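One structure below.
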Amino acid sequence: MSDLIQILPDNVANQIAAGEVVQRPASVVKELVENAIDAGGSSIKINLKDAGRTLIQVIDNGCGMSATDARLAFERHATSKIRKAKDLFAIRTMGFRGEALASIAAIANVELKTKRTEDELGTHIVISGSEEVSQEVSACSDGSNFIVKNLFYNVPARRKFLKANSTELRNIITEFHRIVLSHPAITFQLLHNDVEIYNLSASHIRQRIINVFGKGMNQRLISINTGTSIVNLTGFIGKPKNAKRNLGEQFFFVNNRYMRHPYFHKAIMQAYDKILPPETIPPYFIFFEVDPQIIDINIHPTKTEIKFEDERAIYQIIQASIREALGKFNIVPSIDFDEDNSLEIPVAGSNADNAEIAAPMIKVNPEFNPFEADLNYNPFDGEKSYNPFDEERRSFESNQFYQEFKAKTPPPQSVSPKKAVPEKWETLYEEPSKRESEAKLSQAAIDRENIPDYFQPQKPSEEFIQKKLQPQEQIQKAKNFFQLKNKYILTPIRSGLMIIDQRKAHERILFEKFINSLENHQGIAQQTLFPQTIELNASDYTLLQVIIEDVRALGFDIREFGKKTFVINGTPADIINCEPKELVENLLANYKSNQMDVKLKIRENLAKSLAKASALNYGKTLSNEEMSSIIDQLFACATPNFTPDGKAIISVLESQELESRFK
């Protein structure tokens, strides 16, 4: 029997490795751009066709490579970043494994043009499926130019599972954001199908954040800067009022490398405790500067998961830094209860601590009556003061037309201002109980005489008294509702007590309305008083372009208005008390998060996203009519018991369970 274990050919091994390193076009962009950064490039251009399926081109002005280095770069584990094992704990470059180019060349057609500054001519290499097609001398610019064509051309299964171009492009833009934010001193340009998406010049980090996420971000940022012996923290956090319900503007960077860290994210959320709107996440852009020896980058092929030597201490530093920043900008209310530190301000012109202060002299006219009806009365001198309107009044009263009108018109039966004032105005402050009660009794007697007999209260009939009342039916007819913590609607039913989550109920109601609007194209727009413009980042702009027709079918009146900008003229009529800009932003954020569910259709995703973005928030006090309307509409839905996410809306506390609690 022959031996079974064999060494795999290099091309097969590279394809297997590519499964970890190259998952989608965004992975290729990430690896090539990181190589360009490590090469010292100060200007990097990325050109895409069909979201990277057809073409991914990355051009840099870095150091370039010699002919030998250019060929070795495509071999497995060939790298210029490390030489020995201990170098792994002193890494400050983006790459170090030497797997990326070999993996990319195994599943695509790759070309490389590269030249060093000191060389007169460069090198042009063509590789297809790990096989070298050609290598020749070429005249080219300093730096490197990588061209990747027909990604996954020899792995049909992988190519088949790529998402739509819009989805893949958003993934590329997400990776692009992570890179450009960590290297603001580098100029970046991103083009897709010959259309420029980003052109970011070198700048400082705050300006780079504004250029990526829009001008509105400038007013939302709070700077942080904390230095310790363990870690230096710099960057920006967002104001609580600008927190959103979905992720997308949360970034950690360690030594200029993007990382994910759920534990540190938890530290940030705890620092914002009790000052965030419910179910929202604040934006943050936090940079860690640490000694490479206290972190381990070599955990995952994507190098985004990083271990720290003392995570608990850094957790506390993050919390303290954020709370300090929030307090410094008066975001967190603070009260000083230490009365001993209050300042004592001495009396001006007094040398003695116990010096008496003379009371000010106030002139009082004891003859002044505040209810005096004469407008010309001056309480300070007791004489008539000049009224500029007296002369006009006398002139008008002497007019012939006024005299004729006065003769024909009977005087109004009203009490004059002077008579309305009591002779002794001090009696107004006497106890009014007796006087008021007598007046009310006499007035009630007069009113009762004027009320028709059929409105007068009648004694209950014997038939009514003897009739058996059915409490459950009475409760159902009365529709007794009340709120608990402005979050739940409670109402008695025959089997016990029904508890309804008001936000989830509203979400289900809106979802079914929006689905109906999409299917029938009957969405009704409610025009805004003033059109609002919204500037989106490249990812959201691309997404909205794809789904805009369905968005309009929901009832939005929205159209493009310049580069990465839309103008909103109307919103769906079913949505009230929502800012149009915030509504669109939340709609797009929810839509992107829902795309993780591959079974969800585009229209269902859109209806679900808009319902979640526009459902009423917890904490809103509802009237009985509003609670009744929500319950009526909920039970008219096809699926009243669950939200579109499958979460329970209704819970019933059975009478038996309630009674058992009192035994």
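Heads up: the sequence shown begins at 1 in full-length UniProt numbering, then just goes up one per residue. Every residue, glycine too, gets a C-beta built ideally from N, C-alpha and C. Computed from a prediction, not measured in an experiment: that's the story for all the values here.
Report yes if the C-beta distance between residue i and residue j is below 9 Å; otherwise report no.
{"i": "Ile125", "j": "Arg71", "result": "yes"}
{"i": "Ala538", "j": "Leu190", "result": "yes"}
{"i": "Pro9", "j": "Ile172", "result": "no"}
{"i": "Ile275", "j": "Leu326", "result": "yes"}
{"i": "Lys303", "j": "Arg257", "result": "yes"}
{"i": "Ile286", "j": "Leu233", "result": "yes"}
{"i": "Phe74", "j": "Leu101", "result": "yes"}
{"i": "Glu507", "j": "Lys612", "result": "yes"}
{"i": "Ile230", "j": "Val148", "result": "no"}
{"i": "Ile299", "j": "Glu305", "result": "yes"}
{"i": "Ile224", "j": "Ile322", "result": "yes"}
{"i": "Ile37", "j": "Ile186", "result": "yes"}
{"i": "Tyr284", "j": "Gln250", "result": "yes"}
{"i": "Arg220", "j": "Pro184", "result": "no"}
{"i": "Asp550", "j": "Asn569", "result": "no"}
{"i": "Ser141", "j": "Phe253", "result": "no"}
{"i": "Ser614", "j": "Asp574", "result": "yes"}
{"i": "Phe566", "j": "Ile602", "result": "no"}
{"i": "Gly40", "j": "Gly122", "result": "no"}
{"i": "Asn641", "j": "Pro277", "result": "no"}
Helix, strand or coil: how does DSSP classify residue i here?
{"i": "Ile237", "result": "strand"}
{"i": "Asp540", "result": "helix"}
{"i": "Met217", "result": "helix"}
{"i": "Val194", "result": "With the sequence shown as reference, residue 194 is identified as Asp, and Val is not the correct amino acid for it. Coil."}
{"i": "Arg159", "result": "helix"}
{"i": "Leu247", "result": "coil"}
{"i": "His204", "result": "coil"}
{"i": "Gly227", "result": "strand"}
{"i": "Glu289", "result": "strand"}
{"i": "His265", "result": "helix"}
{"i": "Asp60", "result": "strand"}
{"i": "Gln270", "result": "helix"}
{"i": "Val29", "result": "helix"}
{"i": "residue 671", "result": "Since the first and last residues shown for the chain are 1 and 663, residue 671 lies out of range."}
{"i": "Val212", "result": "helix"}
{"i": "His77", "result": "coil"}
{"i": "Phe176", "result": "helix"}
{"i": "Asp296", "result": "strand"}
{"i": "Arg257", "result": "strand"}
{"i": "Tyr284", "result": "strand"}
{"i": "His653", "result": "Here the sequence assigns Leu to residue 653, which means His is not the residue at that position. Three-state result, Leu653: strand."}
{"i": "Leu276", "result": "coil"}
{"i": "Leu326", "result": "helix"}
{"i": "Asn145", "result": "strand"}
{"i": "Ile46", "result": "strand"}
{"i": "Gly122", "result": "strand"}
Given that a residue counts as buried once 16 or more other Cβ atoms are within 10 Å of its Cβ, and exposed if not, what is residue i?
{"i": "Ile345", "result": "The predicted model places Ile345 with a pLDDT of 38, which falls under 50 and marks its position as unreliable, so this point remains unresolved."}
{"i": "Thr68", "result": "exposed"}
{"i": "Ile451", "result": "Summary for Ile451: the model assigns pLDDT 46, below 50, so the residue's position carries little reliability; its value from the coordinates is reported in the next sentence. Exposed, by the Cβ-count rule."}
{"i": "His521", "result": "exposed"}
{"i": "Gln6", "result": "exposed"}
{"i": "Gln502", "result": "buried"}
{"i": "Lys30", "result": "buried"}
{"i": "Gly555", "result": "buried"}
{"i": "Ser660", "result": "exposed"}
{"i": "Tyr198", "result": "buried"}
{"i": "Glu99", "result": "buried"}
{"i": "Gly562", "result": "exposed"}
{"i": "Lys160", "result": "exposed"}
{"i": "Phe213", "result": "buried"}
{"i": "Lys215", "result": "exposed"}
{"i": "Leu518", "result": "buried"}
{"i": "Ser201", "result": "exposed"}
{"i": "Leu606", "result": "buried"}
Cβ-heavy atom distance between residue i and the ligand FAD below 8 Å?
{"i": "Arg24", "result": "The ligand FAD is absent from the structure shown, which contains no ligand whatsoever."}
Whether or not the stretch 618-631 and the stretch 544-556 are in contact is what I'm after, with contact meaning three or more pairs of Cβ atoms, one per stretch, closer than 8 Å; do they touch?
no
Every unbroken beta strand (DSSP E) inside the UniProt domain "MutL C-terminal dimerisation" (480-622) [3 residues or more]
482-484, 488-493, 496-501, 525-535, 557-560 and 565-572
The stretch 583-595 / the stretch 486-497 touching (three or more Cβ pairs under 8 Å)
no
Please determine if the stretch 514-533 and the stretch 615-624 are in contact, where contact requires at least 3 C-beta pairs separated by less than 8 Å.
no
Is the number of C-beta pairs between the stretch 133-147 and the stretch 48-66 that are closer than 8 Å three or more?
yes
Within 8 Å, do at least three Cβ pairs link the stretch 150-167 to the stretch 42-49?
no
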